[in-house]
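Input: a single structure, listed below in structure tokens.
Numbering (the working numbering), first residue to last: 443 to 870.
Right, here's the structure in full:
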């Protein structure tokens with residue numbers, strides 16, 4: 443049950459409990475009032491009948507049911523009268539409720555009897571009104587609870603949606619604050635303020651980290667360029683080869699850091715065009731030097747009415763993408779598979795998507811759950827590295843409107859599937 447209906451049910455239950463408590467109290471109070479009034483009226487009638495009896499020496503039965511030694515007189519009231527006391531008796535258990543009044547007259551008992559049909563009908567009408575009023579109050583309370591809870595639920599859902607946007611990387615997302623402090627509850631406003639403060643703090647820290655990464659990479663670029671030039675002047679030999687290798691690794695790392703910084707700043711702009719995915723993948727694999735070691739079964743060769751013919755020469759589906767950035771994505775995925783996975787590495791083109799699969803230990807659970815993290819390579823068995831390859835691949839994929847899905851194959855190995863927009867997809 444949602445919060446809205448829980449609050450509505452709680453308010454309705456509270457009002458119902460109050461109604462169940464109050465209705466019997468009102469009923470009892472009214473009955474007491476009518477009983478007192480009926481007893482007083484019966485006593486007054488008894489006094490009047492006694493005076494007439496003393497004057498005339500007879501009792502008229504038509505006069506409020508007056509009688510001497512009435513056989514219908516309740517035994518308790520008869521006994522009280524014979525003991526010399528004037529008393530009343532209220533009988534509400536009969537189908538027709540009545541009130542009796544009696545007193546001794548010599549050796550006889552004089553009594554009057556008044557029906558309480560009107561009073562009974564009045565109490566029944568009052569009970570019906572109380573029940574109807576209670577039902578209306580409970581219904582109004584439920585509607586009011588739904589309205590109040592809807593507003594509260596809407597504010598909480600807005601806060602949750604904003605938090606999800608922040609978790610997706612929209613660091614400038616904020617919860618709109620009411621112009622007036624009375625426009626919403628204090629707790630909700632406090633929650634909104636806390637989320638906004640958290641988002642602002644998080645944005646500042648991440649932007650500071652991004653600026654630091656970009657500044658460090660930029661500052662390293664100049665000395666590394668000189669170091670690379672100096673390493674090229676070293677005489678040939680094993681020491682010089684090691685120096686050149688490490689300098690090249692540092693240069694690649696610096697370029698990767700600069701690329702990550704540009705992706706973080708959302709400064710990259712794609713150059714989109716329509717390409718046949720199969721042929722485009724062929725060219726990327728040849729240029730990257732992976733064509734000889736990768737098998738590429740083509741799922742699109744089996745589509746209905748395929749005129750392209752079987753085999754690796756099929757051009758594949760048309761996709762709208764940036765060929766240079768797609769090459770960057772695919773090369774990074776292949777390098778990651780070679781470095782951290784196991785041979786053979788396979789590239790499969792299916793429709794408007796391509797999949798890179800290795801036969802190694804697969805992706806760690808935290809990578810599948812949270813996505814790749816820069817400078818974190820996952821499990822030790824997947825080797826060492828900077829963790830920037832997958833980060834750059836995902837960033838470039840977002841730039842060209844593609845999506846990368848990471849999963850582990852049922853029979854072992856990691857699989858990274860790049861889903862590209864079709865030729866007529868205008869998502870960008």
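No residue lacks a Cβ here, since even glycine has one placed at the ideal position from N, Cα and C. Source: prediction; values computed, not measured.
Does the beta-carbon distance from residue i to residue j come in below 8 Å?
i, j, result
"residue 587", "residue 450", "yes"
"residue 813", "residue 800", "no"
"residue 487", "residue 556", "yes"
"residue 501", "residue 510", "yes"
"residue 565", "residue 476", "yes"
"residue 584", "residue 454", "yes"
"residue 684", "residue 764", "no"
"residue 810", "residue 849", "yes"
"residue 458", "residue 580", "yes"
"residue 613", "residue 648", "yes"
"residue 856", "residue 802", "yes"
"residue 865", "residue 762", "yes"
"residue 702", "residue 830", "yes"
"residue 634", "residue 601", "yes"
"residue 760", "residue 798", "no"
"residue 787", "residue 780", "yes"
"residue 775", "residue 858", "yes"
"residue 863", "residue 851", "no"
For residue i, which of helix, strand or coil comes out of DSSP?
i, result
"residue 787", "strand"
"residue 801", "coil"
"residue 556", "strand"
"residue 813", "coil"
"residue 711", "coil"
"residue 762", "strand"
"residue 574", "helix"
"residue 678", "coil"
"residue 422", "Any property of residue 422 remains undetermined from this structure, which presents the chain solely from 443 to 870."
"residue 449", "helix"
"residue 515", "coil"
"residue 550", "strand"
"residue 603", "helix"
"residue 850", "strand"
"residue 506", "coil"
"residue 718", "strand"
"residue 735", "Confidence in residue 735 is poor, its pLDDT being 43 and thus under 50, which makes the residue's placement too unreliable to answer from."
"residue 523", "helix"
"residue 614", "coil"
"residue 796", "strand"
"residue 843", "coil"
"residue 823", "Residue placement at residue 823 is flagged as unreliable, the pLDDT there being 47, under the threshold of 50; a coordinate-derived value is accordingly withheld."
"residue 837", "helix"
"residue 545", "strand"
Got a sec? Which residues, its chain only, sit under 7 Å from residue i by beta carbon, not counting five neighbours each side?
i, result
"residue 745", "Confidence at residue 745 is low in this model, with a pLDDT of 43, below 50, so the placement of that residue should be treated as unreliable; the coordinate-derived value is given next. Nothing meets the Cβ criterion."
"residue 590", "449"
"residue 471", "none"
"residue 495", "501, 547, 552"
"residue 662", "696"
"residue 664", "none"
"residue 485", "530, 543"
Rank the options by C-alpha distance to the C-alpha of residue i and give the top, closest one.
i, options, result
"residue 719", "611, 672, 730, 772", "772"
"residue 640", "489, 669, 616", "616"
"residue 517", "496, 834, 542", "542"
"residue 632", "846, 682, 594", "594"
"residue 952", "492, 789, 473, 836", "This structure gives no information on residue 952, because the portion of the chain shown stretches from 443 to 870."
"residue 767", "860, 548, 679", "860"
"residue 492", "544, 618, 525, 613", "544"
"residue 538", "558, 547, 521", "558"
"residue 456", "582, 478, 693", "582"
"residue 644", "630, 657, 609, 618", "609"
"residue 666", "642, 681, 696, 638", "696"
"residue 507", "552, 548, 546", "552"
"residue 832", "778, 592, 512", "778"
"residue 523", "596, 546, 711", "546"
"residue 712", "548, 601, 841", "841"
"residue 804", "599, 759, 853", "853"
"residue 834", "727, 495, 710, 851", "710"
"residue 653", "693, 704, 670, 642", "704"
"residue 525", "669, 550, 671", "550"
Residues in the same chain with beta-carbon distance under 8 Å from residue i, minus the five sequence neighbours each way, listed in chain order, please.
i, result
"residue 452", "587"
"residue 682", "673, 676"
"residue 519", "529, 530, 531, 542, 544, 553"
"residue 447", "588, 591"
"residue 770", "834, 835, 838"
Under a CB-based cut-off of 8 Å, is residue i close to chain B?
i, result
"residue 476", "Protein chain content of the structure displayed is limited to a single chain, and chain B is not contained in it."
For residue i, which residues in the same chain have their Cβ closer than 6 Å to its Cβ, ignoring the five residues on either side in sequence?
i, result
"residue 630", "597"
With a threshold of 8 Å, are at least 3 pairs of Cβ atoms found where one atom belongs to the segment 588-605 and the other to the segment 465-472? The answer is no - the segment 465-472 does not touch the segment 588-605, with fewer than three Cβ pairs under 8 Å.
Is it a yes or a no for the segment 526-533 touching the segment 569-576, going by three-plus beta-carbon pairs under 8 Å? Three or more beta-carbon pairs separated by less than 8 Å are not found between the segment 526-533 and the segment 569-576, which leaves the two stretches without contact.
Given 8 Å as the limit, is there contact between the segment 711-729 and the segment 676-691, that is, 3 or more CB pairs closer than that? Segments in contact, no.
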